[in-house]
Amino acid sequence: MMEKLGQELQKIKVGRVVDIATRRGDFAANLAKGLGGFEEIIAIDVDEKALAKGREALAADSRIKFECRDAYHTGYAEGSFDLVAVGNSLHHFEDVPALFQEMKRLLVPGGTLLISEMTADGQEGASLTHALIHRWESDVDRAQGIYHHHTYSSREILDMAEAAGFKVTKSFLDWDKEPKLVKGIEKRLEELEEKLAELKELPDYQELAEGVARIKANQAEHGAAFAAALVVFAEK
Ligand SMILES: C[S@@+](CC[C@H](N)C(=O)[O-])C[C@H]1O[C@@H](n2cnc3c(N)ncnc32)[C@H](O)[C@@H]1O
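Position 119 of the sequence shown, counting from 1, maps to 118 under numbering that gives the first Met the number 0, and the rest follow consecutively.
Here it is as structure tokens:
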């Protein structure tokens, strides 16, 4: 759990929560752990396999439900949720304004939008290792024709929320120091060479190989830690 985010969540008591693009529910689990109180968290994604893993991992908490829904067209009634959350996913959406419009529609008047998103700015030393891994993984997706924007700057994220008609009430950079997550970064580092070997046929192979070398050099110099994320609280 990110430290400052955890402190903010403790102050919030809500009814219904939706976690957009939840994958295996990691951010939803953080919400469940951190919120001062909640009735239900609906965790949505289009990836059935990831949802199944999340359902299994979080089975002990019956207040968290996983549903297969497209975040652009969720099908939920207007104003269905008191808190709409999106964690590390904005850069996966090709049409961010459309995503924001749906998140706004889902939010009850007076409700809270919560964004947590790895930023282009604020990455240095050990955090840069994670940011570079993320950049490399998005380059791999892009080289294979999958939409994956690198990262947005803090300013761009705030501008997107404001352009959609949200009023930002609080924003700050935060870092996750959870040992389990840092271990996850180390595992991703170990797998880089293996993944690279599978990409030999791609025209961008040389650039991808240079990317791996850059990540390894940063890791050798600074180690690896979780990248900085911008946390934004906003209302409509
Ligand atoms: C980086 S992952 C999410 C990470 C997750 N929120 C967490 O904190 O662990 C991005 C997710 O966006 C999902 N996604 C992409 N387009 C989507 C859409 N139109 N509707 C719902 N989910 C979508 C992908 O399936 C993927 O699981």
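Glycine included, C-beta positions come from ideal geometry on N, C-alpha and C.
| query | result |
| --- | --- |
| Nearest neighbour of glutamate 161, chosen from Ala216, Met102 and Asp120 [CA to CA] | Met102 |
| Extent of the continuous beta strand (DSSP E) to which serine 115 belongs | 106–117 |
| Near ligand 1: tyrosine 71 beta-carbon under 8 Å from a heavy atom | yes |
| For lysine 166, the nearest candidate out of Gly121, Glu234, Leu127 and Phe92 (CA to CA) | Glu234 |
| Through-space distance from glycine 36 to isoleucine 63, alpha-carbon basis | 13 Å |
| Start and end residues, beta strand (DSSP E) containing glycine 229 | Sequence inspection shows leucine at residue 229; the glycine mentioned does not correspond to that position. First-last of the beta strand (DSSP E) with leucine 229: 228–234. |
| Element boundaries [alpha helix (DSSP H), containing isoleucine 43] | Looking at the DSSP string, isoleucine 43 is not in any alpha helix (DSSP H); the run it does join, the beta strand (DSSP E), is 39–44. |
| Whole-Å CB distance - alanine 119 paired with serine 152, under 8 Å assumed | 5 Å |
| Of the residues Glu192, Glu220 and Lys186, the one placed nearest alanine 125, counting alpha carbons only | Glu220 |
| Bounding residues of the beta strand (DSSP E) (the contiguous stretch that carries serine 170) | 166–173 |
| Alanine 70 versus Thr128, Gln100 and Lys32, residue with shortest Cα-Cα distance | Gln100 |
| Cross-strand partners of leucine 82 (DSSP beta bridge) | Val16 and Thr111 |
| Burial state of serine 115 (16 or more Cβ within 10 Å) | buried |
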